[in-house]
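Read through the structure below, which is laid out as structure tokens, and then see the notes.
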Amino acid sequence: MIDVVEIVSEKPAIGKAFKKEGKIIMEYLAQMDKDSIKEFEDKLNSNGEASITVDNKEFNIQKTMIREIKRYKKEIHVRDVEPHVIEPSFGVGRIMYAVLEHNFKIREGDEQRTWLSLPPAVAPVKCSVLPLSKNKEFAQYVKKLSECLTELDISHKVDDSSGSIGRRYARTDEIAIPFGITVDFDTVNKEPHSATLRERNSTRQIRAQIDELPSIVSNLVRGKVTWSEIEAKYGLFEGQETGAK
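Residue numbering for the sequence shown is 1 to 245, as defined by UniProt numbering.
Below, the structure is given as structure tokens:
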């Protein structure tokens with residue numbers, strides 16, 4: 001229930017007094033809000049007339065031009081509808097399924113090795129950092145690479161879990177990580193300190209200094225350089241020269 005206050009005009013009196021302007025005056029009076037009506041009513045009762053301004057014109061309304069000011073309660077019916085299920089029509093699930101299926105690959109000659117070929121710009125994780133050993137000497141290089149990748153806003157994953165490096169490469173390929181930095185024994189034992197960078201699609205690797213690798217990955221992810229350009233610059237990596245001590 002709501003309280004309603006409205007002015008009922010004396011149409012003949014207003015029409016006779018204001019002629020063609022009578023219609024807009026009656027419309028104005030009918031649309032006045034509660035506070036304006038109270039002020040208007042007080043002036044009528046005090047002075048027998050009250051002025052109103054309509055379309056920048058002032059009109060004096062006599063008390064005899066108002067039949068009554070009605071006050072009553074009005075019942076408002078409202079129907080609340082709360083949806084329990086909202087089903088989008090654009091089918092995001094189908095789109096995602098199509099994208100993943102399109103990028104699902106199998107390594108030639110090994111049906112057990114599957115991988116996702118999502119472009120670097122789309123892949124959720126851009127790079128993995130893989131220490132070849134859990135020896136404490138490797139930790140500082142892994143930490144440095146991780147910090148530099150973070151500074152460049154490159155999402156990455158450090159995988160120091162057990163298992164061969166080949167198995168860890170396969171795990172990162174399965175979740176579409178396009179690049180992998182491997183910290184090996186040459187990283188620790190030789191100066192300047194370097195590590196390998198592996199490209200997921202070709203599985204080929206290059207070797208570059210630790211300080212360079214985060215920028216190389218950043219440029220690859222942002223499309224500033226291609227893998228073939230990086231490979232041409234640094235050469236194809238064949239294998240580390242030193243082993244575990």
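Positions of the beta carbon are idealized from the N, C-alpha and C atoms, including for glycine. Computed from a prediction, not measured in an experiment: that's the story for all the values here.
Cβ-Cβ distance between VAL183 and LEU132 below 8 Å: yes
Flag this pair as touching only if the stretch 150-166 and the stretch 199-207 have three or more C-beta atom pairs under 8 Å; answer yes or no. no
Within 10 angstroms of the Cβ of PHE18, are there 16 or more other Cβ atoms? Answer buried if so, exposed if not. buried
Buried or exposed: where does PRO178 fall if 16 or more other Cβ atoms within 10 Å of its Cβ makes it buried? buried
Can you give me the Cβ contacts of ILE165 inside the same chain, cut-off strictly under 7 Å, excluding the 5 residues immediately before and after it? LEU130, LEU132 and THR182
In this structure, how does DSSP classify PRO119 when only helix, strand and coil are distinguished? coil
DSSP state of SER36, grouped into three classes? helix
Compute the Euclidean distance between the alpha carbons of ASP35 and LYS70, then round it to the nearest angstrom. 14 Å
When the distance is taken between beta carbons, is ILE210 closer than 8 Å to HIS193? yes
Selection from ARG79, GLU212, GLN112 and GLY93 that minimises the alpha carbon distance to ARG171: GLN112
At what residues does the beta strand (DSSP E) containing ILE52 begin and finish? 49-54
Within 8 Å of any Cβ in chain B, is that where the Cβ of LEU44 sits? Protein chains in the displayed structure number just one, and chain B is not present.
Taking 8 Å as the threshold (C-beta atoms), are ILE7 and ILE66 in contact? yes
What residue does the beta strand (DSSP E) around ASN60 start on, and which one ends it? 57-62
Spatial neighbours of SER9 within its chain, please: CB distance less than 6 Å, with the 5 preceding and 5 following residues excluded, ordered by chain position. MET26 and LEU29
Rounded to whole angstroms, what is the Cα-Cα separation between GLY91 and ALA121? 23 Å
Going straight from the alpha carbon of ILE230 to that of LYS143, what length do you get? 24 Å
When the distance is taken between beta carbons, is GLN62 closer than 8 Å to GLU75? no
Using DSSP bridges, identify the partner residues of residue 259. Here the chain comprises residues numbered 1 to 245, so residue 259 is not present and cannot be evaluated.
Please specify which runs of the beta strand (DSSP E), each continuous and at least 3 residues long, are wholly inside the UniProt domain "Anticodon-binding" (126-219), giving them in chain order. 127-131, 156-158, 179-183, 194-199 and 205-209
Label TYR97 either buried or exposed according to how many other C-beta atoms from any shown protein chain fall within 10 Å of its C-beta, with 16 as the threshold for buried. exposed
With a 10 Å radius around its C-beta and 16 neighbouring C-beta atoms as the bar for buried, classify PHE59 as buried or exposed. buried
Nearest by alpha-carbon distance to SER162: which of GLU82, ASN135 and ASP173 is it? ASN135
First and last residue of the beta strand (DSSP E) that includes PHE237? Per DSSP, PHE237 belongs to no beta strand (DSSP E) and is neither H nor E.
Please report how far the alpha carbon of VAL221 lies from the alpha carbon of VAL99, in whole angstroms. 19 Å
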